[in-house]
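S.K.:
There are 2 protein chains.
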Amino acid sequence: MPRQVDHDQRRRQIAEAVWRLATRGGLEDVTLRQVAAEAGVSARLLQYYFGTREQLLLGALEILNDDAEQRARERLAKLGEAPGMHAIVRGVLFELLPLDEERRSRHLVYAAYFVRFLTDPALAKVARDAPRALENLVAGLIVQGQESGQVPLNINAAAEAAFLVAGVEGMQSSVLLRQRSAEDAVAVIDHQLARVFTTTNSA
Amino acid sequence: MPRQVDHDQRRRQIAEAVWRLATRGGLEDVTLRQVAAEAGVSARLLQYYFGTREQLLLGALEILNDDAEQRARERLAKLGEAPGMHAIVRGVLFELLPLDEERRSRHLVYAAYFVRFLTDPALAKVARDAPRALENLVAGLIVQGQESGQVPLNINAAAEAAFLVAGVEGMQSSVLLRQRSAEDAVAVIDHQLARVFTTTNSA
DNA sequence: GATGTTATGGTTCGATCGCACCACAAACCG
DNA sequence: CGGTTTGTGGTGCGATCGAACCATAACATC
């Protein structure tokens, strides 16, 4: 059944063109004509596979999200078996940083979409209702770290998780702006992680 | 010399229209016609006072920056005489949060401009070369706090300042998205400030 | 092998864009 | 008083936008 495969490949081909244009010039440059030219297809095909422009932008974002999740899982799997909570949280947080070309361009695309989430009522509602999944995940991992002696018990897991995620997101912006190198960002974050995950070697 | 005043008032009137449109629909909605209608002037006036659209966007941003700086100084002055380093840093950081309608709309406008700084080569260079003024300011204040016994000496001022500013910027995003209340953000930040500024009452 | 569905290209339309251009009033300056 | 600068409105032009529309290969189904 190569039909479905072809269909998805076409959508991906078009979505990638959307991403490239969005990273270069923001969403304003993502016009139907430009996307068609960038993807090497006719404008008619965009309508066929995505419908209206709004749906095209939305569809391209969904595909990007699926990609991101898969890449994240792959990288986390590379941590080896039974990694410490410190390493896991570090891996999760670093998905938010533009540490390689793939993550950099991905977060550039996200930045282009960000204003939409602030202004478009429908998207704003989605963002508002979406639980801060990453933050809750990190908070849970810190609690696990406390239960297994990798994190001091006087650490406020929820507050630290919130600030860690927020801090990494802030670092993301400055690295994207090239105000700060990726290495500097990693160092600053590791400094905070070292504070939370006190490695007493006595787990 | 009412001439200059009139001129600046006109520019401000137009700039405010730009801000309102940008907060409502992002920079894409800031078209010459829309700005003219929103400001209640003819489209010709925009050309007269700002020139091209690009210069209009740039000019409106500059005026917003001047505004922001003035408001920040006013609020900091309200801290009273001889405030502690803790209070000063807190005040500086809170300028980044949408704690009232004025700051909320201001940061919405900044968000709309953000992508420009990532994609426009000229703006990207500006952002890249701009020192992270806020971060250096906070770092300096923390060092002063160490010298006056308000901050433990084992605190890494540069690393903490970097993460504090980044964390507040991250909080800013989630508050703008209404994923988190301003009060929650304040609480999380205060939790971090309490850690850095250990109030031993022995200054 | 007729028929319908899927996948693709090309074209066109009305709206809107940024901006250049024209006209004119008011104010200032000689 | 006459002319030049300054401030304002209106209008038009070429380009581009999103999207609807038309045509038609390729392929599947019976």
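If you're matching them up, the sequences are chains W and D in order. Residue numbers for the first sequence follow this note's numbering, so the first one is 1 and each next one is one higher. Residue numbers for the second sequence follow this note's numbering, so the first one is 204 and each next one is one higher. Glycine included, each C-beta is placed from N, C-alpha and C at the ideal position.
Once DSSP output is grouped into helix, strand and coil, what is the label at P83/W?
M.R.: Assigned with DSSP and collapsed to three states, P83/W falls in coil, not helix or strand.
S.K.: Name the chain W residues whose beta carbon is nearer than 9 Å to that of R227/D?
M.R.: Here the neighbours are T119.
S.K.: Are the CB atoms of A239/D and L249/D within a distance shorter than 8 Å?
M.R.: Yes.
S.K.: Is the shortest distance between the beta-carbon of E305/D and the beta-carbons of chain W less than 8 Å?
M.R.: no
S.K.: Evaluate E372/D with the Cβ neighbour count: other Cβ atoms within 10 Å of its Cβ, from every protein chain shown; 16 or more gives buried, anything less gives exposed.
M.R.: buried
S.K.: Sorted by chain position, which residues of the same chain lie with C-beta nearer than 8 Å to Q55/W's C-beta, five sequence neighbours on each side aside?
M.R.: none
S.K.: Answer yes or no: do R215/D and I291/D have a C-beta to C-beta separation smaller than 8 Å?
M.R.: no
S.K.: Is there a C-beta anywhere in chain D that falls below 8 Å from the one on V138/W?
M.R.: With 8 Å as the cut-off, V138/W does not count as an interface residue toward chain D.
S.K.: What ranges does the beta strand (DSSP E) occupy inside the stretch 259-341 of chain D, keeping only unbroken runs of at least 3 residues that lie completely in it?
M.R.: none
S.K.: Give, in chain order, every residue of the stretch 48-71 of chain W whose Cβ lies closer than 7 Å to some Cβ of chain D.
M.R.: Listed by position along the chain: nothing, the set is empty.
S.K.: Buried or exposed: where does A330/D fall if 16 or more other Cβ atoms within 10 Å of its Cβ makes it buried?
M.R.: With 16 or more Cβ atoms within 10 Å of its Cβ, A330/D is classed as buried.
S.K.: Any C-beta of chain D sitting closer than 8 Å to the C-beta of N156/W?
M.R.: yes
S.K.: Indicate the three-state DSSP secondary structure (helix, strand or coil) for P205/D in the structure shown.
M.R.: Confidence at P205/D is low in this model, with a pLDDT of 39, below 50, so the placement of that residue is unreliable and no value is reported for it.
S.K.: D393/D lies in the alpha helix (DSSP H); which residues open and close that run?
M.R.: Taken as a continuous stretch (DSSP letters only), the alpha helix (DSSP H) holding D393/D covers 385-399.
S.K.: Given a cut-off of 8 Å on the beta-carbon distance, is the pair Q353/D and F400/D in contact?
M.R.: One thing to note: Q353/D has its Cβ within 8 Å of the Cβ of F400/D.
S.K.: Pairing CB atoms from the stretch 373-381 of chain D with CB atoms from the stretch 160-177 of chain W, are three or more of them under 8 Å?
M.R.: yes
S.K.: Between which two residues does the alpha helix (DSSP H) holding G26/W run?
M.R.: Looking at the DSSP string, G26/W is not in any alpha helix (DSSP H), and its letter there is neither H nor E.
S.K.: If the cut is a Cβ gap below 7 Å, which residues of chain W does F366/D touch?
M.R.: G167, V188, Q192
S.K.: L177/W touches chain D at which residues, Cβ-Cβ below 8 Å?
M.R.: F320, L321, A327, A330, R331
S.K.: Determine, using beta carbons only, whether R335/D comes closer than 8 Å to chain W.
M.R.: yes
S.K.: What residues of chain W sit near M374/D, judged by a beta carbon separation below 7 Å?
M.R.: A166
S.K.: Can you tell me whether L299/D is buried or exposed, with buried defined as 16 or more other CB within 10 angstroms of its CB?
M.R.: buried
S.K.: Please list, in chain order, the chain W residues whose beta carbon lies closer than 9 Å to that of L300/D.
M.R.: Correct list: empty, because the minimum Cβ distance to chain W is about 11 Å.
S.K.: A17/W CB to nearest chain D CB: under 8 Å?
M.R.: Not one beta carbon of chain D lies nearer than 8 Å to the beta carbon of A17/W.
S.K.: Please report the distance separating the alpha-carbon of L235/D from that of Q9/W.
M.R.: The alpha-carbon atoms of L235/D and Q9/W are separated by roughly 40 Å.
S.K.: With DSSP collapsed to three states, give me the class of G51/W.
M.R.: Three-state result, G51/W: coil.
S.K.: Could you name the residues of chain W that F317/D contacts, counting a contact when the two beta carbons are closer than 8 Å?
M.R.: Within 8 Å Cβ-Cβ: A111, F114, V115, S173.
S.K.: Applying a beta-carbon distance threshold of less than 9 Å, which residues of chain W neighbour A362/D?
M.R.: A187, V188, H191, Q192
S.K.: State the CB to CB distance for the pair V138/W and A161/W, rounded to an integer number of angstroms; the pair is presumed to be in contact (CB under 8 Å).
M.R.: Contact flag correct, Cβ pair sits at about 4 Å.
S.K.: Is Q179/W helix, strand or coil by DSSP?
M.R.: coil
S.K.: Compute the beta-carbon to beta-carbon distance between T119/W and G228/D, rounded to the nearest angstrom, for a pair I have assumed lies under 8 Å.
M.R.: 5 Å
S.K.: Identify the contact partners of L108/W in chain D, using a Cβ-Cβ distance below 9 Å as the criterion.
M.R.: V318, L321, T322
S.K.: So the candidates are A220/D, V346/D, H289/D; which of them puts its Cα closest to the Cα of G243/D?
M.R.: Considering only alpha carbons, the answer is A220/D.
S.K.: Are the beta-carbon atoms belonging to L311/D and T226/D less than 8 Å from one another?
M.R.: yes
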